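Participant: I'd like to ask some things about the structure below.
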Amino acid sequence: SSNEHKLNFKKSKEACLSFIQDALLQKQWKRAAEFLTCYVESLEKDYSREHIGPSEMIWRIGSEILWHHSQSSMKEFNCFIEQMKTLGVKRYLKVCLEHVFHLLCDGQIDEAYQNLSLAESWRFGEQTAIQDKEMKLVQAYRGLLDYYSWSKQKNILLENGEDGFSDLAVEQEMHGYFRKAAVNLKEIIKIPGVWDIFVKCYVDLLEFYGDHNEARQVLNEYAYNSKFPANPNAHVYLYQFLKRQREPKKSLISALKILHDMVPSHELMIEFNTMLQKSKKRKKRRLGLEVIFAALDYAGWKENAKAWSCLARQVKQIVISEKHLDWIKQEWSSRKDWWPAFHFSRYLAKRNWQENKSLSYEKALVAGILLGKGCKYFKYVSHQGCKAQLKRFRVLKKFVNKHNPVYLRIS
Amino acid sequence: RDFNERCAQCSEVNWGLTDGGRFYCRSCHNVTERTREVVNTDFITNSRVQTISKGSRKQEKNDGGSEWYICEGFQLVLKKQVEALEALGVCPQMKDEILCNFWRCYLQKSKQAYCKRPAGETVKALSVCESSTDVDSDPERPSLLHLLSLSESEGDLQTDCSFASSVSKVSESTSVYSGSVDGSLYLMKNQKEKLRMTMPMTLSFCYMALLWVREPITLSELLRYVVEGHIPYLNVFQHFPEKMKLCGLDLKIFCVESWPVYEEVFNKMHELAAYLDLPRFPDITESCFLHPDMLCMKYLMEANLPDELHNWTCRVVKKIGIGEVDFLTLVPGNKSTRKVKYDVLAAAVIVVVLKLLFLLDDHYEWLLSELAEERNKNNTEGGPCFEFKKWYEVVKHSLDVQQKKLDEERAKYLWRCEKPLFYSVKNKSKVLKRRQMVVNLQNQFGKLSGSVQRAEKPNPSSFQLSWSEENTDGSCFHGHSLKGILQEKRGLLTAMNPDYWLCTVKLCNEKLCGHLAHYREVEFPQSYHFVLGLFSFLLRVQPSYIHDEVCMIEHKLFNKKLYKKLKYNTVLRK
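Going down the list, the sequences are from chains A and B.
Quick note on numbering: the first sequence equals residues 15 to 425 in this note's numbering.
Quick note on numbering: the second sequence equals residues 1178 to 1751 in this note's numbering.
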């Protein structure tokens, strides 16, 4: 029978949703609201077999519209969310959490805190146990806000402390917040997950109160426990902590090594390379070269003068010492096919020269060594530099000319 | 109605009605002089009575409702629908005489099966209908069966409008719940014995009545009016009186959640006509609106095609005999004649004519168009020649705009109404809460919808696309001439186009697979698809539906040639 094309409730609402989706994607909030008005009657129909029911749709779409619509206010938004909370008990805590996020975005910290407390005290039969994870999140965020309050108190103390007055009340309050925050933050980071902000705050608290051992343990767990998802930030936090604790270079380097393996383009690679270059151990210096070359493989680093200066310094040092040219050869072998076009084109020479002379200087050095004095990049930049009578470019030209044969040995 | 006087003879209050419309006492058969005031043409004149063997009579149910039967619900629906049709300009006889009688006939027919009751239940349903008008007043109309006032032996008759009260559960064994008395029974009925009434079938009734009266409303128009809200269909139950409580299984019967399709209503109508043993319908002659010549003219106008094409549609109609009275007039129960879909047929004729003149093979029509364009450039005097390309662009643009509007409207339908529906008393509060929330949300987001107000229902209009000759932009093609594409041969105007392609060489067996042909867009030229699409939009049917009719017409038109070919093939095989 030809009843497949029959227009019925379900198809009509599907079409409606598709119009809403288009409107949302094009940020046409009025139009989205218009269609949502027609969609809401889906609530009166049973969709228990569908994956996402209308109540969830309406919650999510409605939130988006009310958040962005010019004529909508926070008051309206709050009123809407309160209705949504009553719609689906299985989603109750999720809705609460998202509401809290919106409140925070709107700067209503106290409101957010109140909502979190309310959510924390919610009980609903077996749902409470089922939504255990969300509950932990609620508690964690409340802990986060407690940390925020603690931080404020701390700043007040520090300011007033300069006057010589120690305000006991403020101090007491501060400690109170610390206790509340610590309890909740500690709980959530036990569960495998990505908890960057909670970890940072918790470690901050621990450091303030002098519990460095606990802090170290927390950070190690977070970075090295295989149950936790691989997270470069964990290593960053650990590194920063170790640095603060003035740990020996060895541990700093091992922390950063893992970061390099995970994210070769991480911004800390400059620091890492600098550290490695200074090392007395040959292996470390070798690693340094690897690290800086790897970082410059990424487009985001193309115009980073500091990175180029690191590479230039190391390359220069190797060339002058005439030792370990094979290092450069090894690094260059996999890059010689594409780095010239990627970094050292004539177009880039012109642009770099116009925009950032230091950048062009460093790059020209590297190019000159790797590709010889005949390479377009070096030629252009050094010519321009000499024309502009900038001393260092003359020096550069001499240097590259002197070491020109190197490129043959490394290509 | 509320005749509660005591009988002069026996002091009982037990009245019945004679054929002459007089009250008589049933206890002593005393006939009064009191006659019924017969002003009431109201449809809710049914009195349904039941006697239960237990005989206990409770007054109204606790919730203020009283008993009602499914049939009464449908009767109300039909009443509303026919009133709406009347408001659209349909003649008043349709309500008072035609539809009323059809309905009574149906009740009578179907109640013959109604009387078989499952064990444990002794409800007898009877009906006495009143009519103010004499059905036989019009001699031309064939007399229909009267609904009998059934005899006394069936039990007590009450002519009161108020419903007798009794135990609400009809059968002890069924635990299903319905507001009506026979909701559950209704759904469980054996289908073979009778035609069960459904909401789509109410439209079949309407269409049948319209056809009988030969009103200028086609089935596709009727269905369009329904969707546009001019004829009650969705949520008609809102208008049931307070006493008729709707819940449980009644919802399955009266709440629709889909729009009925042409095919469904059409087929049901024919089934119904046969079921009611109706005689031959009034003739559809050349002067009737439903005649292909008339409908073709309308559709040509609506499709913005030249008036000159009308000659051609008439020629085709004549050649294949689809303008004959006997072909067009409905004879219920006659299985040998093909049931005529007047609107689809007319549209298909136009499609065939376009194929005849323009070939529509994605090449020839554009070629002709270029030639016409040249002609128009060089010859600025007189009326312009019809250019297919221009027509395509103009019509496509309008069609796209209208289609987009229609798609948005479809996405914005509101299916629910204020009257809450619940399956059982248990979830009543939940339903009401939900309804309240829906209303709140509608208010909240409605305000954010900007200046877009939900427009008033547009006035019902027979034409969806309109083109005015007064437009100076040349977007109206009615007056354009077909000069470039016609030639004169032996005093007759024929098409320049010598070719024709058949949509299908062999027709399917409609009885086996339900269709004459199977339309797939990719297998046919784009121009053909466009033309089908245009009429598909206007008639709100699937393109394949029109395609079937086109195939049918082509086979009639080229019958001889096809036959020859077949013969030739068999000769070859020998």
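Ideal Cβ placement from N, Cα and C applies to all residues, glycine included.
Because the structure is a prediction, the values reported are computed rather than measured.
Along chain A, which residues have their Cβ under 8 Å away from the Cβ of B:GLY1559?
Facilitator: Those within 8 Å of B:GLY1559 in chain A number zero; the least Cβ separation is about 45 Å.
Participant: Would you say A:ASN92 faces chain B, with C-beta separation under 9 Å as the test?
Facilitator: Taking Cβ atoms only, chain B never reaches closer than 9 Å to A:ASN92, which makes this a no.
Participant: Contact criterion: CB-CB distance below 9 Å. Does B:ASP1584 meet it with respect to chain A?
Facilitator: True, the Cβ-Cβ gap to chain A drops below 9 Å.
Participant: Taking B:VAL1526 as the reference, which of B:GLU1550, B:CYS1473, B:ASP1539 has the closest Cα?
Facilitator: Of the candidates B:GLU1550, B:CYS1473, B:ASP1539, the one whose C-alpha sits nearest the C-alpha of B:VAL1526 is B:CYS1473.
Participant: Counting only Cβ-Cβ distances shorter than 9 Å, please list the residues of the segment 1584-1605 of chain B near chain A, keeping chain order.
Facilitator: Answer set for the segment 1584-1605 of chain B: ASP1584, GLU1585, ARG1587, ALA1588, LYS1589, TYR1590, LEU1591, TRP1592, ARG1593, PRO1597, LEU1598.
Participant: Counting C-beta neighbours from all protein chains within 10 Å, is the total for A:THR100 16 or more, i.e. buried, or is it exposed?
Facilitator: It counts as exposed.
Participant: Which term fits B:SER1352, buried or exposed, when burial requires 16 or more other beta carbons within 10 angstroms of its beta carbon?
Facilitator: Confidence in B:SER1352 is poor, its pLDDT being 39 and thus under 50, which makes the residue's placement unreliable; the coordinate value appears in the next sentence. That one is exposed.
Participant: Cβ closer than 9 Å: which chain A residues qualify as neighbours of B:GLY1623?
Facilitator: Near B:GLY1623 (Cβ distances below 9 Å), the residues of chain A are ALA47, GLU48, THR51.
Participant: When you check each C-beta in the segment 1678-1703 of chain B against every C-beta of chain E, which residues fall closer than 8 Å?
Facilitator: Here the protein chains are A and B, and chain E is not one of them.
Participant: May I have the straight-line CA-CA distance separating B:GLN1285 from B:MET1378, to the nearest angstrom?
Facilitator: Using only the alpha carbons, I get a separation of about 17 Å.
Participant: Shortest alpha-carbon distance to B:LEU1262 belongs to which of B:THR1375, B:MET1446, B:ILE1394?
Facilitator: Of the candidates B:THR1375, B:MET1446, B:ILE1394, the one whose C-alpha sits nearest the C-alpha of B:LEU1262 is B:ILE1394.
Participant: So, with DSSP's three-state summary, where would you put A:SER435?
Facilitator: This structure gives no information on residue 435 of chain A, because the portion of chain A shown stretches from 15 to 425.
Participant: Going by DSSP, which residues form a beta bridge with B:GLN1664?
Facilitator: Its beta-bridge partners are B:THR1671.
Participant: With DSSP as the reference, identify every bridge partner of B:ASN1412, one or two as the case may be.
Facilitator: B:TYR1410, per the DSSP bridge assignment.
Participant: Check the C-beta distance from B:PRO1437 over to B:LEU1380 and give it rounded, since I have them as a contact under 8 Å.
Facilitator: With 8 Å as the limit, B:PRO1437 and B:LEU1380 qualify as a contact, their Cβ atoms being about 6 Å apart.
Participant: Comparing alpha-carbon positions, which option in B:MET1376, B:ASP1427, B:ALA1386, B:ARG1281 lies nearest B:GLN1270?
Facilitator: Considering only alpha carbons, the answer is B:ALA1386.
Participant: B:GLU1463 touches chain A at which residues, Cβ-Cβ below 9 Å?
Facilitator: The premise fails here: B:GLU1463 is roughly 32 Å from chain A at the closest Cβ pair, so nothing lies under 9 Å.
Participant: Output the distance between the C-alpha atoms of B:VAL1718 and B:VAL1404, rounded to the nearest integer angstrom.
Facilitator: Going from the Cα of B:VAL1718 to the Cα of B:VAL1404 covers about 13 Å.
Participant: What residues in its chain sit with their C-beta under 7 Å from that of A:ILE332, if we drop five residues either side in the sequence?
Facilitator: Counting only Cβ-Cβ distances below 7 Å, and skipping sequence neighbours, we find HIS338, LEU339, TRP341, ILE342.
Participant: Give, in chain order, every residue of the segment 1514-1527 of chain B whose Cβ lies closer than 7 Å to some Cβ of chain A.
Facilitator: Answer set for the segment 1514-1527 of chain B: empty.
Participant: Measuring straight from C-alpha to C-alpha, what distance separates B:SER1243 and B:HIS1416?
Facilitator: Distance between the alpha carbons of B:SER1243 and B:HIS1416: 16 Å.
Participant: Helix, strand or coil: which one does DSSP assign to B:CYS1562?
Facilitator: In the structure shown, B:CYS1562 sits in a strand (DSSP, three-state: E or B).
Participant: Would you identify the three-state DSSP class for A:SER87, choosing helix, strand or coil?
Facilitator: Coil at A:SER87, not helix or strand.
Participant: Tell me the DSSP secondary structure of A:ASN227 in three-state form.
Facilitator: DSSP places A:ASN227 in helix when its eight states are reduced to three.
Participant: What are the start and end residues of the alpha helix (DSSP H) that includes B:GLN1719?
Facilitator: First-last for B:GLN1719: undefined, no H or E at that position.
Participant: In its own chain, which residues sit with a C-beta less than 7 Å from the C-beta of A:LYS320, not counting the 5 before and 5 after it?
Facilitator: Closer than 7 Å at Cβ, skipping near neighbours: ILE284.
Participant: How many whole angstroms separate the CB atoms of B:HIS1655 and B:MET1478, which I take to be in contact at a CB cut-off of 8 Å?
Facilitator: With 8 Å as the limit, B:HIS1655 and B:MET1478 qualify as a contact, their Cβ atoms being about 7 Å apart.
Participant: Within 10 angstroms of its Cβ, does A:PHE358 collect 16 or more other Cβ (buried), or is it exposed?
Facilitator: Buried: at least 16 other Cβ atoms inside 10 Å.
Participant: Check whether the segment 1502-1509 of chain B touches the segment 1699-1706 of chain B, taking contact to mean three or more Cβ pairs, one atom from each stretch, closer than 8 Å.
Facilitator: Output reads no: the segment 1699-1706 of chain B does not touch the segment 1502-1509 of chain B.
Participant: List, in order along the chain, the chain A residues whose C-beta lies closer than 8 Å to that of B:ASN1617?
Facilitator: Simply GLN97.
Participant: B:TYR1677 and B:LYS1495 look like a contact to me (Cβ under 8 Å); what is the Cβ gap, rounded to whole Å?
Facilitator: About 18 Å; that fails the 8 Å criterion.
Participant: B:ALA1302: buried (16+ other C-beta within 10 angstroms of its C-beta) or exposed?
Facilitator: In this prediction, B:ALA1302 scores a pLDDT of 33, lower than 50, which makes its location untrustworthy; no coordinate-derived value is stated.
Participant: When you check each C-beta in the segment 1434-1464 of chain B against every C-beta of chain A, which residues fall closer than 7 Å?
Facilitator: Of all residues in the segment 1434-1464 of chain B, GLU1434, SER1435, TRP1436, VAL1438, GLU1440 have a Cβ within less than 7 Å of some Cβ in chain A.
Participant: Can you list the residues of chain B that A:GLU426 reaches, using a CB-CB cut of under 7 Å?
Facilitator: Residue 426 of chain A lies beyond the residue range present for chain A, which begins at 15 and ends at 425; the question has no answer from this structure.
Participant: How should A:CYS119 be labelled, buried or exposed, when 16 other C-beta atoms within 10 angstroms of its C-beta is the threshold for buried?
Facilitator: It counts as exposed.
Participant: Using C-beta distances below 7 Å, list every residue in its chain close to A:ARG408, excluding the 5 sequence neighbours before and after it, in chain order.
Facilitator: CYS400.
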